[in-house]
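**Q** Structure in structure tokens, see below.
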Amino acid sequence: VVVTGAAGIMGKALVSHFAQAGATVCSTDRSTEGLSGFAIAADLTTDEGLQLLLDCVKEEWGAPDIVINNAAIYPSSFLLDLEVVDWDRIMDVNVRAPFVLMRGFALQMIKNNINGNFVNISSGAARKKRRTAVTYCMSKSALDRMTKGFALELAEYGIRVNCLEPGFASGSAVSSLSQEHIDRVMAAIPLGDETASDDVGQAALYLASSAAKNITGTSLAVDGGNSAGVMD
Numbered sequence: 002v003v004v005t006g007a008a009g010i011m012g013k014a015l016v017s018h019f020a021q022a023g024a025t026v027c028s029t030d031r032s033t034e035g036l037s038g039f040a041i042a043a044d045l046t047t048d049e050g051l052q053l054l055l056d057c058v059k060e061e062w063g064a065p066d067i068v069i070n071n072a073a074i075y076p077s078s079f080l081l082d083l084e085v086v087d088w089d090r091i092m093d094v095n096v097r098a099p100f101v102l103m104r105g106f107a108l109q110m111i112k113n114n115i116n117g118n119f120v121n122i123s124s125g126a127a128r129k130k131r132r133t134a135v136t137y138c139m140s141k142s143a144l145d146r147m148t149k150g151f152a153l154e155l156a157e158y159g160i161r162v163n164c165l166e167p168g169f170a171s172g173s174a175v176s177s178l179s180q181e182h183i184d185r186v187m188a189a190i191p192l193g194d195e196t197a198s199d200d201v202g203q204a205a206l207y208l209a210s211s212a213a214k215n216i217t218g219t220s221l222a223v224d225g226g227n228s229a230g231v232m233d
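For the record, in the sequence shown the residue sitting at position 171 is 172 according to my numbering, with numbers rising by one throughout.
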């Protein structure tokens with residue numbers, strides 16, 4: 002299993018869940034600090050970094066069985082204040098990198114006759130835009146569409162491609178939220194609870210397992226029902 006963005010809260014949980022399930026995991030992030038085992042430092046905003054990851058996995062395994070595209074960035078800015086260079090970086094990490102990695106790893110899987118699968122970590126932001134995060138929301142919408150496209154084109158090779166959409170998490174490393182805001186959001190979630198990293202880890206294990214052998218091209222919301230509606 003390859004897990005990108007493995008040094009973050011969600012990434013560490015994904016690595017832990019797959020390792021506990023008996024998988025051999027390749028963890029990758031911008032540096033290997035905090036990572037263990039088969040770890041690769043790769044800057045996914047560069048062609049060199051992307052190719053390095055593809056080459057290292059190919060040399061070690063020939064091809065992966067499972068790829069979790071988890072790496073993403075979430076800068077906050079109004080569109081009128083957003084610099085083009087920041088737009089490019091968001092799209093590079095959140096959209097371009099998953100495309101390059103899915104294409105590259107899928108070719109490895111096909112060459113080695115592996116019926117592998119991809120799980121792309123998206124967001125409820127793919128469904129609903131919000132001020133100061135429009136570019137992030139657009140990137141996740143693009144990832145959702147790309148997931149369906151790859152699912153269509155890789156089905157003939159027995160390769161599955163799906164999305165996970167985590168819901169609200171007050172413990173995010175990318176934002177500092179007031180308790181008032183947290184309470185207001187939590188009160189609107191139908192099941193009344195935030196999305197824990199363990200929730201996403203378990204869902205990713207399911208989608209990557211044989212239990213989900215007939216599921217491809219779907220987006221699974223793990224959000225306490227928040228995508229279905231809110232409690233007023």
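Glycine included, C-beta positions come from ideal geometry on N, C-alpha and C.
Pull up the DSSP beta-bridge partners for Pro99, would you.
**A** Taking the first residue of the sequence shown as 1, we reach residue 99 at position 98. Answer by DSSP bridge pairing: none, since Pro99 is not bridged.
**Q** For Ala8 versus Gly50, is the C-beta distance shorter than 8 Å?
**A** Against the sequence shown, residue 8 aligns to sequence position 7. Against the sequence shown, residue 50 aligns to sequence position 49. In this structure, Gly50 does not lie closer than 8 Å to Ala8 by Cβ.
**Q** Contact defined as beta carbons within less than 8 Å: I believe Val58 pairs with Val3. What is the distance between those atoms, to the nearest angstrom?
**A** Locating residue 58 in the sequence shown gives position 57, counting from the first residue. Locating residue 3 in the sequence shown gives position 2, counting from the first residue. Right, the Cβ-Cβ distance comes to about 6 Å (below 8 Å), so this counts as a contact.
**Q** Is it right to say Ala229 is buried, meaning 16 or more other beta carbons lie within 10 angstroms of its own, or is it exposed?
**A** Residue numbering aside, residue 229 sits at position 228 when the sequence shown is read from its first letter. Its Cβ having fewer than 16 others within 10 Å, Ala229 is exposed.
**Q** Are the region 185 to 201 and the region 133 to 148 in contact at 8 Å, needing three or more beta carbon pairs?
**A** Segments in contact, no.
**Q** Just verifying my parser: in three-state terms, what is the DSSP assignment at Arg146?
**A** As a working note, residue 146 is residue 145 in the sequence shown. Of the three classes helix, strand and coil, the one that applies to Arg146 here is helix, per DSSP.
**Q** Can you tell me the Cα-Cα spacing of Gly168 and Asp184, whole angstroms?
**A** By one-based count along the sequence shown, residue 168 stands at place 167. By one-based count along the sequence shown, residue 184 stands at place 183. For Gly168 and Asp184, the distance between alpha carbons rounds to 15 Å.
**Q** Do you know how far the Cα of Ile160 is from the Cα of Val175?
**A** Here residue 175 refers to the residue found at position 174 when the sequence shown is read from its first residue. Here residue 160 refers to the residue found at position 159 when the sequence shown is read from its first residue. Its pLDDT being 48, under 50, Val175 is placed unreliably in this model, and the value from its coordinates should be taken loosely. Looking at the two C-alpha atoms, the distance is approximately 32 Å.
**Q** CA-CA distance, Ala127 and Leu221?
**A** In the sequence shown, counting from the first residue as 1, residue 127 sits at position 126. In the sequence shown, counting from the first residue as 1, residue 221 sits at position 220. Each residue's Cα considered, the two are about 12 Å apart.
**Q** Whether or not the region 17 to 26 and the region 77 to 91 are in contact is what I'm after, with contact meaning three or more pairs of Cβ atoms, one per stretch, closer than 8 Å; do they touch?
**A** no
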